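Each remark here refers to the structure printed beneath this line.
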Ligand code: NDP
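Numbering (my numbering), first residue to last: 148 to 429.
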C-alpha cells in the first residue's frame, strides 16, 4: 500500500486526510493518507524517513512550510518565489524529495471554477500579508491584475511583502496600506475583487474589516474555510457582493497534489463532498 501524509503541529484539526482518502477510494488507488504531528526538532528526521518507495509524498502545514526547504533535493513551480513549500513529492523510488507550492494553483482554480473569473485586469484588494496572502498576491501578479493593494495589520510587513515580489510585479500597480487606517474605505470602494487572507474570522465571528464601502459588482473572497461562510463574507453578501469561501482553494490545492503523486485526474466532486462532510462533523 502507498502512503501519503500531512505533517505539522498542531495537526489534529486537518481535514486533508478525509479529502485525500476520498480521492484514493474514488479512483481505486491502494493508498492511505494520514496526519502526523511533527515538531520542529523532529523535522529533519521526518524528511530522512520519508525517503521510502511506498511514500507518494506529503503535505506540509504550519510551522514547517519554510524550514522544510533546506531538507529537500529540489524546488519546483512557485515554491521558490513563495519561499514556502506545502507539498513534497517523493521521486526516484524514495531517493529524492521535490517540493512545490500548490496554494497558488488552488486559489487560481477555485476562482476560475467556482468564482467563474480570474484576476486579469482586476483591481484586487488583499487583506493580509502572511503565507496565504502571498499565494494570492502571486496569482494576481502572474495573471496580470490591474492593481494589487495589500492591507495588513502591520503595514511594514505589507511593504516588505511587495518588495519581495518586485521582480514579478510587471505592469500591476501595487500599494501597501494599514488594515485599520483611514485609506482602507477608499480601496474597498475602488476594488473589483476583495480577498481576505488574514486569519481573522477563522472559527470566529470577527471581521478583518468593515466591508460596507464595497461597490457591486464586486467579488469578495475569503481564504478561510472554517466556517464555510465567514462573517466577513456574510456581511459582504448583505452589501451586494458575490462571495466565495476558501474550501474550494483547499480542495483544489489537494487535487493538484493528488495529481502530482498519482498521475490520475483528481475526482474533484468526491473530494469536495468529503471536505464538506469533514467540516460539518468538525
Ligand atoms: P499567517 O500567520 O502567515 O498570516 C496571518 C495574517 O493574518 C497576517 O497578515 C496577520 O497580520 C493577520 N492577522 C492575524 N491576526 C490578526 C488580527 N487579530 N487582526 C488583523 N490581522 C491579523 O497565516 P496564513 O497566511 O498561513 O493563514 C491565514 C488564513 O488562511 C488562515 O485562516 C488559514 O486557515 C487560511 N488558509 C487557507 C488556505 C486554503 O486552502 N483555503 C490555505 C492556507 C491558509 P500581521 O502580519 O500584522 O501579523
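All residues carry an ideal CB built from backbone N, CA and C; glycine is no exception. From a predicted model like this one, the values you see are computed outputs, not experimental measurements.
Q.
Less than 7 angstroms between the C-beta atoms of residue 365 and residue 396, yes or no?
A. no
Q: Indicate whether residue 375 and residue 354 have their beta-carbon atoms separated by less than 7 angstroms.
A: no
Q | DSSP-derived helix/strand/coil call for residue 238 | A | strand
Q) Exposed or buried, what is residue 318 when buried is set at 16 or more other beta-carbons lying within 10 Å of its beta-carbon? A) exposed
Q.
Give me the DSSP bridge partner(s) of residue 221.
A. 245
Q. Is it true that the CB of residue 360 sits closer than 7 angstroms to the CB of residue 332?
A. yes
(Q) Quick check on the DSSP output: the beta strand (DSSP E) that includes residue 322 runs from which residue to which? (A) 320-325
Q) Taking residue 279 as the reference, which of 159, 420, 368 has the closest Cα? A) 368
Q) So, residue 433 versus residue 404, is the Cβ gap smaller than 7 angstroms? A) Since the displayed the chain opens at 148 and closes at 429, residue 433 lies outside it and no answer follows.
Q.
Checking the sheet assignment: what are the DSSP bridge partners for residue 369?
A. 343
Q. Should residue 209 go down as buried or exposed, given a rule of 16 or more other Cβ atoms within 10 Å for buried?
A. exposed
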